[in-house]
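Numbering (the numbering used here), first residue to last: 15 to 851. Take a look at the structure set out below.
Written as structure tokens, this is what we have:
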């Protein structure tokens, strides 16, 4: 039976996984426009805003019930002569036509074939091209601009004054020569989450619904909803893709490599979701233009379209305040600006306190012995900018800028020689990056790109040991410059060839400086690499077969060594709804993160970046392959993928050991065999999904006594359950996360101590207790004004306040073994408010 009430539907979201879907009934005969609008609102979950006198006395035949919303709006517009303007995905304004009507035909610049379902947008209206590429559009006056957009084509902006001089003219769009990759499964888990033909998973935040426990679309937390992706410590600075470490992930923001991931030292993403329009996850088979990322690739992208109108939004949560502007500049360009700032300078909210307690565990912030800490302060900010400029019809320019900062301060206080002493300790983490992309369409089938970026990362701490009158300064910095030339050639829409050259220079600097006694160690290294890549793509006419085969040649100057890395991506639709996918890749990377001592950088962000030296720190190399089946029919989705991965050249210090191997320098590898499964059922207003991941992740260290043993990141079984419900601007999402505990090493007995060190039993033979977390989130989108709307929402992380252990290790104090347990976040609520203009 139909779902009538949002409360009843939300209740079903928690109690039922399957229930009969709604039915629809086509109504025939003329009706009042008012009645038709009510039916459209109910069927498509939208809200019309209009004056009664505009629609009164208008009768017409109702549109077909099996049409899309855009088709229905186009029909109503043609039949009534009224203007239907989408202010967002929910609200639609109805107005009388006032202005200038323009028309035209959109054609492929290569084949001259009509482009159907393209979006043509003016300042006051939008239209969708029909099967002949034809469109009609109302514009305010001749001084405005028109944006022409279609997935698979390069967006174009044109001036109204050039479009009103004659009859309906032809307008050509240049094919996007990377368009062999297309969405093959939409709404993979919930709306806005898609699977693409290259095997990647994509989240489009302009169309994104909601996920459990995530407030205001956290970019990197969202990725952890996919099977095969976990974080052993609940952070975005430790994302483990199929058993790998976080430093083995290639993270690109509009093509710029990033060495920092989060605010609050990993508890939330540092990438502002208001300017980051899309994020893609590739667990395997990244195309040959990408290097690094032996475990996985995360690609974040800003909007690639020049906006014709001013857009803005402002938001506030219990953690930060933020703002976003999208501003047309001049005739052919637009600028997006976004910024966030923590509100902890003004108020310490319950969410802030929970976060601060989480990052403070077993660190220098915690008080011990004769020392007390006071005046604890933490704040963060980020600023992002993206400028697009359509220089000519064939030339496009993009500039990106990003600045991110985290800062922690506190005073250490003690009585020294009868006097009260106080000294400041602090930790700062900063990323600064800029990049340009210049694209030239030499013809309708040939395109070139030049991409240049500079990215800088710095982690710095000052640790004041007040009892010993000592100051310990530590710095870790990375500076990387990159130049990439990429050429793309298409042949009759079926074949695509991509190739180019890539140069990267990476500088890593590590400093340890103690003032009493005087000690200073500075290590600075540079590595330059030259890469050449070539990849061919093929898509059959019936689109049942997608194939990409390529490879990359990489030469490292310092070591005079080279690497050949093949890539393979095959997707074949066996029958309607059933698709086979085969993926494979080989990769290498020359940077990794290590932990020298657990109290480095105040014990908070203790990992430091380092460059390979091809001796005790080898180049990391990986080989992985996977095969999967996906079945989608009648709103059912079943996805099954098995994989094998081997990563060589890892070091013990990069794996975070806190047992007998904590200070051992050794290199080895790990091997992973696993299966990722996802089951989803979609209804009219509800999406239900469950995923399961199995993983067998084993270390091999020949120089260690244990030899082979479970990886520190071996999460053998992981299960997620999720549900989203949406109705007329209201969205609710609930979910559960369960996984087996991570491996740990335990002492042989409570008194197993030798030479002041704990004597451990079999390495990683024990595990933490199973992890369980239930999350909830909700939002409501409503109209404020004719040109403004608002969104309010909440999230609850760990709704049941379940006591989850993230880590357990053992230390010797006063010749006694002390067990240290680090806890996950407890019950953590958050709320937000956002206004759109």
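Where is the CB? At the ideal position from N, CA and C, for every residue including glycine.
Check whether residue i and residue j have beta carbons under 8 angstroms apart
i           : j           : result
residue 584 : residue 571 : no
residue 314 : residue 447 : no
residue 701 : residue 203 : yes
residue 145 : residue 132 : no
residue 527 : residue 521 : no
residue 57  : residue 79  : yes
residue 417 : residue 397 : yes
residue 84  : residue 738 : no
residue 236 : residue 251 : no
residue 559 : residue 551 : no
residue 402 : residue 412 : yes
residue 529 : residue 485 : yes
residue 309 : residue 636 : yes
residue 793 : residue 227 : no
residue 834 : residue 767 : no
residue 338 : residue 803 : no
residue 719 : residue 690 : no
residue 724 : residue 681 : no
residue 238 : residue 217 : no
residue 120 : residue 162 : yes
residue 785 : residue 753 : yes
residue 336 : residue 286 : yes
residue 743 : residue 683 : no
residue 329 : residue 846 : yes
residue 555 : residue 508 : yes
Residue(s) in a DSSP beta bridge with residue i
i           : result
residue 470 : 446 and 493
residue 228 : Its beta-bridge partners do not exist; DSSP assigns none.
residue 117 : 150
residue 238 : Looking at the DSSP assignment, residue 238 forms no beta bridge with any residue, so it has no partner.
residue 451 : 412 and 465
residue 767 : 772
residue 437 : 426
residue 740 : 745
residue 1   : Because the chain in this structure spans residues 15 to 851, residue 1 falls outside the shown range and cannot be described.
residue 752 : 733 and 786
residue 292 : 218 and 315
residue 664 : 682
residue 82  : Beta-bridge pairing links residue 82 to no other residue.
Residue from the options with nearest C-alpha to residue i
i           : options               : result
residue 88  : 98, 221 and 79        : 98
residue 758 : 771, 422, 549 and 671 : 671
residue 495 : 322, 541 and 664      : 541
residue 297 : 611, 642, 143 and 501 : 642
residue 425 : 279, 478, 363 and 472 : 478
residue 842 : 578, 372 and 200      : 372
residue 679 : 811, 690, 459 and 666 : 666
residue 280 : 438, 711 and 233      : 233
residue 68  : 44, 107, 301 and 476  : 107
residue 616 : 476, 717, 554 and 370 : 476
residue 96  : 47, 76, 775 and 55    : 47
residue 199 : 210, 219 and 346      : 210
Nearest-angstrom Cβ-Cβ length linking residue i and residue j, presumed shorter than 8 angstroms
i           : j           : result
residue 340 : residue 354 : So it is not a contact: roughly 16 angstroms between Cβ atoms.
residue 599 : residue 621 : Rounded, the Cβ-Cβ distance is 25 angstroms, inconsistent with contact.
residue 295 : residue 282 : Rounded, the Cβ-Cβ distance is 18 angstroms, inconsistent with contact.
residue 736 : residue 229 : Incorrect: roughly 16 angstroms between the Cβ atoms, too far for contact.
residue 838 : residue 820 : 5 angstroms
residue 474 : residue 442 : 5 angstroms
residue 658 : residue 638 : 7 angstroms
residue 213 : residue 299 : 5 angstroms
residue 492 : residue 623 : 5 angstroms
residue 270 : residue 263 : Not quite, the Cβ-Cβ distance comes to about 15 angstroms (not below 8 angstroms), so this is no contact.
residue 511 : residue 524 : Between residue 524 and residue 511 the Cβ distance is about 42 angstroms, and since that is not below 8 angstroms, they are no contact.
residue 265 : residue 174 : That pair is no contact at about 41 angstroms.
residue 351 : residue 399 : 5 angstroms
Residue i beta carbon near the ligand MG (any heavy atom closer than 7 angstroms)
i           : result
residue 140 : This structure lacks the ligand MG, and indeed carries no ligand of any kind.
Test: residue i CB closer than 8 angstroms to a CB of chain B
i           : result
residue 537 : Of the chains in the structure shown, none is chain B; there is only one protein chain.
Do three or more CB pairs link the region 724-732 to the region 704-711 at distances below 8 angstroms? yes
Report yes or no: do the region 601-616 and the region 584-593 share at least 3 C-beta pairs separated by less than 8 angstroms? no
Touch test, the region 454-461 against the region 494-511, Cβ-Cβ under 8 angstroms, three pairs minimum: yes
For the region 781-790 and the region 745-755, state whether three or more C-beta atom pairs, one from each stretch, are separated by less than 8 angstroms. yes
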